[in-house]
Amino acid sequence: MKFESYWHDTAPKFRGASDGDIEGHYDVAVIGGGFTGLAAARQLARSGARVAVLEANHIGWGASGRNGGHLNNGLAHSFIAAKAELGVERAVALYRAFDDSIDTIERIVDEEQIDCDFRRAGKLKLASKPQHFGTIARNFEAVHREVDPDTALLTADDVKAEVGSPFYGAMLSKKSAMMHMGRYVAGLAEAAARHGATIFEDAQVTRHTISGPKHRLETPRGKLSADHVLVATGAYTSGTSFGYFQRRIIPVGSFLIATRPLTAAEVAATMPGNRTCTTSMNIGNYFRLSPDNRLIFGGRARFAATSDQRSDAKSGAILRASLARIFPHLASVEIDYCWGGLVDMTKDRYPRAGYVDGVWYAMGYSGHGAQLSTHLGMIIADEILGKAAPNPLRGLEWPAVPGHFGKPWFLPLVGLYYKALDRIK
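Per full-length UniProt numbering, residue 1 is the first one in the sequence shown, and the count goes up by one each step.
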């Protein structure tokens, strides 16, 4: 078993990073070489801006290469709850932004000819308990009536044709998609570089200062100045220069395993519908088939940050037990990959994007960034360029998490709370 991301291990490496010293002046410096930063860099470079991308490790190292490979439309929240919390207008705009984000990715894949197995598969939100189906049905009725008619409600019998495990029904979101995340992020980086962006790897920003109209950024490889800075580091935001975000972003570990390639008979018994799937538990699971027919199975196995192979192995064992409960016929299947990554959660689980303390930002995707990050990166790029951009998060209040200054000491308590909730509801 390999303790590394399946997406990283099965994708071509990005070869277009600059090996020169970091120096000079740029119109925009983008911090973070994931989906958000690379999409913004591509958009900016296509408009003629001089752009530098500063990635602390290698392209796609963070959440962009450590996810489940889902591109799910719609909100992570109940649409009914989102209307109550955000107001109808913003809830609808944010729902449609998730829809638009998948269209954006599909368009980029086509324009840049990125070989990443993009496919409109549809997503199933599976009811794990009988009472969960009622909640899913009420949300479906609101979504289908008010914002997304391209949805359907499936009964427990309908689900049998989709997933080889008993569930109590599901909501199908037909616009949802999937792709190979490692190939996409490498292709997005190549596209950004091809359009003129300069990409630096192994270039962690160690200091950021603002002097008059200019930003100054220091890295172990040198320093540069820029007129604008976009912070696109998500859960991997670090350093005292960006304390505003550290007080608002809660880094939560998300863990995954990937089986060996399944046989045709095993695929038919496990995922005959070949869609992306999520369960309705608070501490639930999500799964899909990879392009080579592995079952990629993930979840919040432990409320802890991934830190080393031992940590990931513990989480992998928990996920394997969950996989066996949902798919008993795969209880002894070989696991080829086990890996973890950080999810940049916000307290209310809504993302944020805008401008604060002299810098632009987009983050807080709360486990649903694979789809939205590309789209928001491009929206913020347009805002930097002074273009009208439909930012659905503009002006959304973002209070700091009380008592949180970077290390989420309270996560074990949160985990206990959600485990208790799953037992009683």
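Each residue gets a CB set at the ideal place from its N, CA and C atoms; glycine is no exception.
8 Å Cβ cutoff met for residue i and residue j
{"i": "I105", "j": "L230", "result": "no"}
{"i": "A197", "j": "R42", "result": "yes"}
{"i": "G222", "j": "D21", "result": "yes"}
{"i": "A192", "j": "L38", "result": "yes"}
{"i": "S176", "j": "N72", "result": "yes"}
{"i": "A232", "j": "G34", "result": "yes"}
{"i": "P261", "j": "N285", "result": "no"}
{"i": "A76", "j": "S280", "result": "no"}
{"i": "A156", "j": "G169", "result": "yes"}
{"i": "R248", "j": "W398", "result": "yes"}
{"i": "P291", "j": "H144", "result": "no"}
{"i": "L44", "j": "L385", "result": "yes"}
{"i": "K123", "j": "R349", "result": "no"}
{"i": "D148", "j": "G74", "result": "yes"}
{"i": "S373", "j": "T36", "result": "yes"}
{"i": "F79", "j": "A142", "result": "yes"}
{"i": "R119", "j": "M171", "result": "no"}
{"i": "G61", "j": "H228", "result": "In the sequence under discussion, the amino acid at residue 61 is Trp, which differs from the Gly named in the question. For W61 and H228, no; Cβs fall outside 8 Å."}
{"i": "A127", "j": "P12", "result": "no"}
{"i": "I114", "j": "Y184", "result": "yes"}
{"i": "Q246", "j": "F140", "result": "no"}
{"i": "K347", "j": "V267", "result": "no"}
{"i": "Q371", "j": "F3", "result": "no"}
{"i": "G32", "j": "I210", "result": "no"}
{"i": "R288", "j": "G87", "result": "no"}
Nearest-angstrom Cβ-Cβ length linking residue i and residue j, presumed shorter than 8 Å
{"i": "I59", "j": "A161", "result": "At roughly 39 Å, the Cβ-Cβ gap does not stay under 8 Å, so I59 and A161 are not in contact."}
{"i": "A63", "j": "D344", "result": "7 Å"}
{"i": "A49", "j": "V28", "result": "6 Å"}
{"i": "M1", "j": "I326", "result": "The pair is not a contact, with the Cβ atoms about 20 Å apart (cut-off 8 Å)."}
{"i": "G239", "j": "V205", "result": "7 Å"}
{"i": "L224", "j": "A52", "result": "6 Å"}
{"i": "A226", "j": "H215", "result": "5 Å"}
{"i": "A264", "j": "H329", "result": "No, A264 and H329 are not in contact; Cβ-Cβ is about 14 Å, not under 8 Å."}
{"i": "S94", "j": "A82", "result": "Note on identity: in this sequence residue 94 is Leu, with Ser being the wrong assignment. The pair is a contact, with the Cβ atoms about 7 Å apart (cut-off 8 Å)."}
{"i": "K125", "j": "T278", "result": "6 Å"}
Residues bridged to residue i (per DSSP)
{"i": "L217", "result": "H208 and L224"}
{"i": "R288", "result": "I296"}
{"i": "F255", "result": "G299 and G340"}
{"i": "D7", "result": "Asp is not the amino acid found at residue 7; the sequence shown has Trp there. None; W7 has no bridge partner."}
{"i": "L230", "result": "V30 and W360"}
{"i": "I250", "result": "M345"}
{"i": "A170", "result": "L126 and L154"}
{"i": "I335", "result": "T259"}
{"i": "T278", "result": "K125 and Y286"}
{"i": "K2", "result": "Y337"}
{"i": "M178", "result": "H70 and R119"}
{"i": "H25", "result": "S225"}
{"i": "I384", "result": "Answer is none; I384 lacks a bridge partner."}
{"i": "F200", "result": "L54"}
{"i": "A353", "result": "A362"}
Heavy atom of the ligand MG within 7 Å of residue i beta-carbon
{"i": "T206", "result": "Looking for the ligand MG in the displayed structure turns up nothing, as the structure carries no ligands at all."}
Minimum Cβ-Cβ distance from residue i to chain B less than 8 Å
{"i": "S211", "result": "No chain B appears in this structure, which consists of one protein chain only."}
Stretch pair the region 251-271 + the region 329-343: three plus CB contacts closer than 8 Å: yes
Secondary structure, alpha helix (DSSP H): runs of 4+ residues fully inside the region 33-119: Runs of the alpha helix (DSSP H) inside the region 33-119: 35-46, 79-86 and 88-112.
Taking one C-beta from the region 157-175 and one from the region 9-20 each time, how about it: are there three or more such pairs within less than 8 Å? The region 157-175, when compared against the region 9-20, does not touch it at the 8 Å Cβ threshold.
Mind the definition here: the region 356-370 touches the region 233-244 only if three or more C-beta pairs lie below 8 Å; say whether that holds. yes
Taking contact to mean at least 3 C-beta pairs separated by less than 8 Å, is the region 131-139 in contact with the region 93-109? no
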